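In the working numbering, the protein residues as written are 5 to 269.
Even glycine gets a Cβ: it sits at the ideal position worked out from N, Cα and C.
Predicted model only: the values in this text are computed from it and were never measured.
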């Protein structure tokens, strides 16, 4: 028994030394990272609260995944320029300037506003099933036929401005658990159509990211059962106030959904 205890003790010490080395290396590596967070409201953290005082209408949150990453890793520099409502053109005109040849990590969510996410949700909540399905179809058509060219422009600009960066393009989650626990609100036909639109959008984004040599980080899996109507704690707002926070990740969605996906990418 004594010999076994000594072996276990030696093993525990070896594991502890390995973990200590790993975290020390991770900290050292992070110290050389120059991180820029681009994107729309999902990157800014709209819906997560605790908004930074200098972010104004962009509503950048200290609970957003980029801010959580920099708090956990202490990079050499951190530029948080994601903004509520941003489209691809806004990234090109107002955010790309934050990048330079020294940038080593870039994260971004973009494309949802271009494809009319907000107006589609408004149509589905306030109007008939046929109107909702029509709006979803129009959004999918835009995503498949127009959005790829816009994403290509953004990704090319990122490559040109930050040629040495590891670029992580994060996707969008399903909003609803189909056949879930919700009694009120829109029906499952509308919910399924909205989720299908997320799949189309993520597929387009993933393909464009791959073409650019970027990493696509899919969040749909980690949000499973945490969607609206899900069986576990909901990581997404349904219709809420302020209205612009509706259908966005809450603080848990940022911390337990987006943040670990970025960290593992």
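- Only exposed fits residue 211, as fewer than 16 other CB atoms lie within 10 angstroms of its CB.
- In the displayed model, residue 179 falls within coil according to three-state DSSP, outside both helix and strand.
- The Cβ atoms of residue 257 and residue 218 lie no closer than 9 Å to each other.
- By the criterion of a C-beta distance shorter than 7 Å, residue 178 is surrounded in its chain by 199, 202, 224, 227 and 231, once the five residues flanking it on both sides are discounted.
- Classified as buried, residue 38 has 16 or more neighbouring CB atoms from the shown chains inside 10 Å of its CB.
- Taking residue 69 as the centre and dropping the five residues before and after it, the same chain places the C-beta of 258, 262, 263 and 266 closer than 6 Å to its C-beta, in chain order.
- Burial state of residue 60 is exposed, judged by a 10 Å Cβ sphere holding fewer than 16 other Cβ atoms.
- Per DSSP, reduced to three states, the secondary structure at residue 121 is helical.
- Only residues of its own chain outside the window of five on either side were considered, and among them 35, 36, 37 and 38 have a CB closer than 7 Å to the CB of residue 80, listed in chain order.
- With respect to residue 92, residue 158 sits close: the two C-beta atoms are nearer than 9 Å.
- Secondary structure of residue 55 (DSSP, three-state): strand.
- In this structure residue 197 does not touch residue 151 by the C-beta definition: roughly 18 Å separates them, more than the 8 Å allowed.
- A Cβ-Cβ contact shorter than 9 Å links residue 46 with residue 113.
- 107 is the residue among 48, 66, 107 and 51 whose C-alpha sits nearest the C-alpha of residue 40.
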